[in-house]
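A.B. asks: In terms of this note's numbering, the sequence shown opens at residue 1 and continues consecutively. Right, I'll just put the structure down here and ask away after.
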Amino acid sequence: YIEKKSNLSQKGDAWVYGDAKVYGDAWVFEDAKVFEDAKVYGNAKVYEDAKVYEDAKVYGNARVSEDAKVYGNAKVYGDAKVYGDAKVSEDAKVYGNAKVFEDAKVYGDAKVFEDAKVFEDAKVYGDAKVYGYAWVFEDAKVYGYAKVYGYAKITSGIIK
Numbered sequence: 001y002i003e004k005k006s007n008l009s010q011k012g013d014a015w016v017y018g019d020a021k022v023y024g025d026a027w028v029f030e031d032a033k034v035f036e037d038a039k040v041y042g043n044a045k046v047y048e049d050a051k052v053y054e055d056a057k058v059y060g061n062a063r064v065s066e067d068a069k070v071y072g073n074a075k076v077y078g079d080a081k082v083y084g085d086a087k088v089s090e091d092a093k094v095y096g097n098a099k100v101f102e103d104a105k106v107y108g109d110a111k112v113f114e115d116a117k118v119f120e121d122a123k124v125y126g127d128a129k130v131y132g133y134a135w136v137f138e139d140a141k142v143y144g145y146a147k148v149y150g151y152a153k154i155t156s157g158i159i160k
C-alpha cells in the first residue's frame with residue numbers, strides 16, 4: 001500500500017510489497033525495499049539498497065539508507081539514521097538523533113537514543129541502553145541491562 005504516488009519513486013528499482021504501507025510524506029526511492037508488514041510514514045526516507053521488513057516501523061524524520069536493514073518489530077524514528085551495513089532488529093528502538101552505521105547491530109530490546117552513535121562492528125542488545133552523546137564502536141558489545149550514556153566512549157570489550 002502506498003498512499004500517494006510521491007511515496008514511491010518511479011526511478012530506480014524501489015519496491016513496496018506484501019502488506020507493507022508507506023504513507024504521509026514518507027519516501028521510498030532508489031533500490032530500497034519495504035515489504036511484509038513494515039510501515040514507513042511521517043517524513044521518513046528509505047533509500048539506496050536499504051530494506052525495511054517484517055513488522056518494522058520507520059517514521060518521523062528517520063532515514064534508513066545504503067545497505068541497512070530494519071526488521072522484526074524494530075522501530076527507527078525521530079531524526080535517527082541507520083546506514084551502512086547496520087542492522088536494527090527484534091524489538092530494538094533507535095530514535096532521537098541517534099545513528100547506527102557501518103556494520104553495527106542493535107537488537108533484542110535495546111535502545112539507542114538522544115545523540116548516541118553505535119558503529120563499526122559494535123553490538124548493542126538485550127535490554128541495553130546507549131544514550132546521551134555516548135559512542136559504542138570498534139568491536140564493543142553492550143548487553144544485558146547495561147547503560148552507556150553521557151560522553152562515554154566504549155571501543156572494545158564487553159559491557160553488561
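The beta-carbon is built from N, C-alpha and C at its ideal position, and this holds for glycine as well. Note that the structure is a prediction, hence the values are computed from the model and not measured.
Exposed or buried, what is K141 when buried is set at 16 or more other beta-carbons lying within 10 Å of its beta-carbon?
C.D. replies: buried
A.B. asks: Roughly how many angstroms separate the alpha carbons of D55 and Y151, rounded to a whole number?
C.D. replies: 33 Å
A.B. asks: Within this structure, are the beta carbons of A110 and Y125 separated by less than 8 Å?
C.D. replies: In this structure, Y125 lies closer than 8 Å to A110 by Cβ.
A.B. asks: Using only alpha-carbon positions, find the residue among K57, D85 and S156 that is nearest to V76.
C.D. replies: With distances taken between Cα atoms, V76 lies closest to K57.
A.B. asks: Which same chain residues end up closer than 6 Å to Y71 when comparing Cβ atoms and leaving out the 5 residues on each side of it in sequence?
C.D. replies: Y53, E54, A56 and S89
A.B. asks: What does the Cβ neighbour count give for K4, buried or exposed, with the cut at 16 atoms within 10 Å?
C.D. replies: exposed
A.B. asks: Keeping to the same chain, check which residues put their C-beta closer than 6 Å to that of V95; ignore five residues upstream and five downstream.
C.D. replies: It is worth fixing the name first, because residue 95 is Tyr in this sequence and not Val. Taken in chain order, the residues that qualify are Y77, G78, A80 and F113.
A.B. asks: Consult DSSP for K5 and reduce its assignment to one of helix, strand or coil.
C.D. replies: helix
A.B. asks: Does the beta-carbon of S204 have 16 or more other beta-carbons within 10 angstroms, so that it is buried, or is it exposed?
C.D. replies: Here the chain covers residues 1 to 160 and nothing more, so residue 204 does not appear.
A.B. asks: So A146 and A134 are supposed to be a Cβ contact under 8 Å. How far apart are they, rounded?
C.D. replies: Rounded, the Cβ-Cβ distance is 11 Å, inconsistent with contact.
A.B. asks: Any chance you could list the beta strand (DSSP E) runs of at least 3 consecutive residues sitting entirely within the segment 106 to 132, in chain order?
C.D. replies: none
A.B. asks: Across which residues does DSSP place K11 in a beta bridge pair?
C.D. replies: Answer by DSSP bridge pairing: none, since K11 is not bridged.
A.B. asks: Who pairs with K39 in a beta bridge, going by DSSP?
C.D. replies: K21 and K57
A.B. asks: Using CA coordinates, which residue listed in F101, G18 and V106 is at the minimum distance from K93?
C.D. replies: V106
A.B. asks: Is the distance from the Cβ of F18 to the Cβ of F35 below 8 Å?
C.D. replies: It is worth fixing the name first, because residue 18 is Gly in this sequence and not Phe. Yes, Cβ-Cβ distance for G18 and F35 is below 8 Å.
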